[in-house]
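Heads up: the protein sequence lines correspond to chains A and B, in order. In terms of this note's numbering, the first sequence has 226 at position 220, counting the first letter as 1, and numbering is strictly consecutive. In terms of this note's numbering, the second sequence has 65 at position 52, counting the first letter as 1, and numbering is strictly consecutive. Encoded as C-alpha cells, the structure appears first; notes follow it.
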Amino acid sequence: MINLKSLINFFLIMGEITRLFFQTIAASFTRPFYLSRVFEQINVLGVGSISITIVIGLTMGSVMTLNFGYGLMKFGGTMYVPAVVSLSLAREMAPLFTSLLIAGRIGSGMAAEIGSMNVTQQVDAIRALGTSPVRVLVVPRFWASVISLPLLSAISFIVGIFGGLVVCLHEFDMPTGFYMHKVTYTVQMADYLGGLIKSAIFGGIIAIIGCYKGLKTRDGTRGVGLSTTWVVVTSSITILITNFFISKLFIVFWG
Amino acid sequence: MKERREKILKLENVHKSFGSKHVHRGVNLELNQGETIGLLGGSGTGKSVLLREIIGLEFIDKGKIIFKGQDIQNLNEKELQKIRLEISYSFQSGALFDSVNVFENIAYPLFEHTKMSLNEIRSKVAEILEMVDLKGIEELMPSDLSGGMQKRVGMARAMIMRPEIILYDEPTAGLDPTNTKNVVDIMKKMTCLGYSSIFVTHDIPAALELCQRLIILNDGIVAFNDGPEEFKKSNDPIVLKYKQEVHYAGSEGEK
C-alpha cells in the first residue's frame, strides 16, 4: 500500500531528477565544454552497444515476421506482413526495445560507475578541485546517450527489416523486390523521424536517471548494487510510460 | 612576542546536525596566514565534517565561515568553485580517480583551470611528484600504489594549484612509521613554504611536531585551543581524557 511518506519521496525524487536535467542542459551550453569526453562516452555507450543492438534487431524483425506471417496467412494476408512489420519496427519496436535493452546495459553502467566514484569520494574530489560533477560526469553521458540511441535504433530497424526479409524469403516465398517495395512504400519519413526522436528522448531519460542515482549512491558496494537495479527498473518504467504519451502526440500531430 | 599574522579563515558559531545528531553546537575557530593548526578530537566529533564545511562540501545549519571577508555559506556553486582553488582538501583516502593514471589525477586541476601547455603541465606534475618523494610514477594507476603512496598523490593533487589553505584529513591514518614520516615531512615543507593548513589527526606526536596551535573538538564545541607546549602541560580534564583515549604516552612524561 502506498503511504504518504513514499508518495512524498516519489515527488522529491522526480523533482531532483528534473532539476538534474535542467542543470545538465544549462551546463551543456556554458563553458568549459568537454567534447572529447562526449566522444569518449559515445565510444563506450554507443559503439559498445552495436553488437547487442544487431542481435535484438535481427530477433525482433524475424520473430515478428514469423508470427505475423503465419497469423495473417489464415486470412490470406501474407502480403501485408512487410508493411506491418516495417511500420511497427520504425514507429515502436526498434526505438522501444533498443532503448529498454540499452537502459539495462548503459543505465546500470552509469549508475555503477558514478555510484562507485561517489562512495569512494571521487565525486567529492571533483567538487573539491573546483569543478562540477554535473559538467564533468553527467553532461558527456547525457549527450552521448542522446546521440547514440537514435543511431542504435536505426541500426536495429535496418537489421530488423533484413531479418524480416530473410524469413519472408524462406518461409513465405516472397520476392525480395516485393518485400522492399512494400517496406519503402509503407514507412514514411515521419515514421522514421518519430522513431529517431523517441530514441533520443529515451537516451536522455536513461542517462539522467542513471547519473542521478549514481550521484545519490550511498552505503558502499551494497549501495552501488541497489542503485544499478533501481536504475534499470525506473528507466524501463519511465521509457514505457513516456513511449505511450509520445506515440499519442505523434499520432495527433503526424497521423 | 608572538608574530601578529592576518586571519584568513574564521568560523563563527558554526552549528551542524545530521538528523537528531548535533555534530557542531557553536564551533569558533580562526586560522592565521601561514599557520598550521591541528584539529583533534575523538571519532565522530565532526573534525572531517568541519573540513567539508570549510570547503563548501557540506552546508552548515547556523553560523558563518568567513574566508577573505566573504561568508562561504552565501556563495553559489560557481562562486564556491573559485574558493576551492584557494582552499584545497586532501582526502583521508586520497580519493584518486581510479580510472586514470597518476599524471592525469594530479594534472586534473591544471587541465581544468589553467591554459598551460601539455609540456608545462608535465613538468609541473613531475616537480610536485618530486616534492612528495614519488618521482617517476606518472604512468602508474592508483590501484598500483600502496595506501601511503595514494595519500601522497592525493596531497600532491591538492597542492598543485598552490592554494592558500590546505585541509588535511587524517593524512597519517593507517600508515606505517616510515610512510607517516614521509607525509609529515611533506607537510613540514608546505608549512615552511608559508601555506596555511588545518590538520585533522589522531596522531598527537605528528600534530605536536607540525602545528603552531592545537584544537580539540569535544561535544560539538572547541574544548581546547592553544599551543603545543600548553597542550603538553594541560591538566584540563578533556585534554587528559583525549590523551588517554589515543594512548598518548608522551602526556605522562610531560606531567
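The beta-carbon is built from N, C-alpha and C at its ideal position, and this holds for glycine as well.
Contact set for residue i: own chain, Cβ-Cβ below 6 Å, skip 5 residues either direction
{"i": "B/Met200", "result": "Leu223"}
{"i": "B/Glu143", "result": "none"}
{"i": "B/Lys75", "result": "His28"}
{"i": "A/Gln47", "result": "Pro146, Arg147, Ala150"}
{"i": "B/Ile85", "result": "Gly69, Ile78"}
{"i": "B/Val197", "result": "Ala219"}
{"i": "B/Leu88", "result": "none"}
Nonlocal neighbours in the same chain, by C-beta distance under 7 Å from residue i, ignoring five residues either side
{"i": "B/Gly266", "result": "Since pLDDT at B/Gly266 reaches only 42, below the 50 mark, its modelled position is unreliable, and the value read off the structure follows with that caveat. Same-chain partners within the cutoff: there are none."}
{"i": "A/Arg133", "result": "Pro139"}
{"i": "A/Val230", "result": "Ala118, Gly121, Ser122, Val125, Thr223"}
{"i": "B/Leu123", "result": "Met129, Ile134, Lys137, Ile173"}
{"i": "B/Ile251", "result": "Ile229, Asn231, Ala236, Phe237"}
{"i": "A/Ile108", "result": "Ser55, Leu155, Leu158, Ile212"}
{"i": "A/Gly309", "result": "Since the first and last residues shown for chain A are 7 and 261, residue 309 of chain A lies out of range."}
{"i": "A/Gly226", "result": "Val125"}
{"i": "B/Ala262", "result": "Only weak support is given to the placement of B/Ala262: the predicted model assigns it a pLDDT of 49, under 50, and the question is left unresolved by the model."}
{"i": "A/Ile19", "result": "none"}
Nearest-angstrom beta carbon gap, residue j and residue i [assumed within contact, 8 Å]
{"i": "B/Ser101", "j": "B/Ile179", "result": "5 Å"}
{"i": "A/Gly63", "j": "A/Ser162", "result": "4 Å"}
{"i": "B/Ile65", "j": "B/Gly233", "result": "Rather than Ile, the amino acid found at residue 65 of chain B in this sequence is Arg. 16 Å between Cβ atoms; not a contact."}
{"i": "A/Ile245", "j": "A/Phe208", "result": "5 Å"}
{"i": "A/Leu158", "j": "A/Ser68", "result": "Contact doesn't hold; Cβ gap of about 18 Å is too wide."}
{"i": "B/Tyr181", "j": "B/Val213", "result": "7 Å"}
CA-to-CA distance, residue j to residue i, given in whole angstroms
{"i": "B/Glu243", "j": "B/Leu221", "result": "11 Å"}
{"i": "B/Gly54", "j": "B/Ala186", "result": "14 Å"}
{"i": "A/Met99", "j": "A/Ser242", "result": "14 Å"}
{"i": "B/Asp111", "j": "B/Gly167", "result": "12 Å"}
{"i": "B/Leu158", "j": "B/Leu109", "result": "11 Å"}
{"i": "B/Asn248", "j": "B/Leu153", "result": "49 Å"}
{"i": "A/Leu135", "j": "A/Thr240", "result": "32 Å"}
{"i": "B/Gly160", "j": "B/Asp189", "result": "10 Å"}
{"i": "A/Val165", "j": "A/Ser57", "result": "11 Å"}
{"i": "A/Ala196", "j": "A/Phe259", "result": "10 Å"}
{"i": "B/Leu131", "j": "B/Ala139", "result": "12 Å"}
{"i": "A/Ser233", "j": "B/Val115", "result": "29 Å"}
{"i": "A/Asp179", "j": "A/Ala160", "result": "27 Å"}
{"i": "B/Gly149", "j": "A/Thr24", "result": "45 Å"}
{"i": "B/Ile141", "j": "A/Arg228", "result": "37 Å"}
{"i": "A/Gly77", "j": "A/Met116", "result": "41 Å"}
{"i": "B/His215", "j": "A/Thr59", "result": "54 Å"}
{"i": "A/Thr65", "j": "A/Leu10", "result": "43 Å"}
{"i": "A/Trp236", "j": "B/Asn195", "result": "44 Å"}
{"i": "A/Val87", "j": "A/Thr248", "result": "28 Å"}
Chain B within 7 Å of residue i, Cβ atoms only
{"i": "A/Ala131", "result": "yes"}
{"i": "A/Gly226", "result": "no"}
{"i": "A/Thr223", "result": "no"}
{"i": "A/Thr36", "result": "no"}
{"i": "A/Gln127", "result": "yes"}
{"i": "A/Leu143", "result": "no"}
{"i": "A/Thr137", "result": "yes"}
{"i": "A/Ala134", "result": "yes"}
Closest residue to residue i among the options (Cα-Cα distance)
{"i": "B/Ser106", "options": "A/Phe35, A/Arg97, A/Gln128", "result": "A/Gln128"}
{"i": "A/Ser42", "options": "A/Asn73, A/Val258, A/Ala150, A/Gly82", "result": "A/Ala150"}
{"i": "B/Asn45", "options": "B/Phe80, B/Val259, B/Ile119", "result": "B/Phe80"}
{"i": "B/Glu183", "options": "B/Lys23, B/Gly51, B/Glu19, B/Ser30", "result": "B/Gly51"}
{"i": "A/Val144", "options": "A/Lys80, A/Ser154, A/Cys217", "result": "A/Cys217"}
{"i": "A/Lys219", "options": "A/Leu26, A/Phe256, A/Thr65", "result": "A/Leu26"}
{"i": "B/Arg18", "options": "B/Val235, B/Lys202, B/Gln225", "result": "B/Gln225"}
{"i": "A/Leu72", "options": "A/Val90, A/Val61, A/Ile60, A/Thr59", "result": "A/Val90"}
{"i": "A/Arg97", "options": "A/Ile215, A/Val237, A/Ile203, A/Thr30", "result": "A/Ile203"}
{"i": "B/Leu147", "options": "B/Phe104, B/Asn192, B/Thr58", "result": "B/Asn192"}
{"i": "B/Thr49", "options": "B/Arg170, B/Cys205, B/Glu25, B/Ala171", "result": "B/Cys205"}
{"i": "B/Thr58", "options": "B/Pro241, B/Gly240, B/Lys34, B/Leu253", "result": "B/Lys34"}
{"i": "A/Phe251", "options": "A/Ile153, A/Leu102, A/Val172", "result": "A/Leu102"}
{"i": "A/Val75", "options": "A/Ile214, A/Phe45, A/Tyr198, A/His176", "result": "It is worth fixing the name first, because residue 75 of chain A is Gly in this sequence and not Val. The option with the nearest alpha carbon to A/Gly75 is A/His176."}
Own chain residues within Cβ distance below 8 Å of residue i, not counting five before or after
{"i": "B/His270", "result": "Here chain B has residues from 14 to 268 only, and residue 270 of chain B is not among them."}
{"i": "B/Ile21", "result": "Leu44, Asn45, Gln46, Phe80, Lys81, Glu177, Ile178, Ser209"}
{"i": "A/Ser92", "result": "Ile167, Gly170, Lys188, Val189, Thr192, Val193"}
{"i": "A/Arg141", "result": "Ala33, Pro38, Tyr40"}
{"i": "B/Lys15", "result": "Note that B/Lys15 scores a pLDDT of 48, beneath 50, so its modelled location is shaky; the value from the coordinates is reported in the next line. Nothing listed; no residue qualifies."}
Chain A within 7 Å of residue i, Cβ atoms only
{"i": "B/Glu125", "result": "yes"}
{"i": "B/Leu98", "result": "yes"}
{"i": "B/Phe270", "result": "Given that chain B is displayed from residue 14 to residue 268, the structure contains no residue 270 of chain B and the question cannot be resolved."}
{"i": "B/Phe110", "result": "yes"}
{"i": "B/Leu88", "result": "no"}
{"i": "B/Phe237", "result": "no"}
{"i": "B/Gln94", "result": "yes"}
{"i": "B/Phe116", "result": "no"}
{"i": "B/Pro176", "result": "no"}
Quiz item: Which of the residues in the region 61-88 of chain B, read from start to end, lie with their CB under 7 Å from any CB of chain D?
Solution: Checking the listed chains, one finds no chain D in this structure; the protein chains it contains are A and B.
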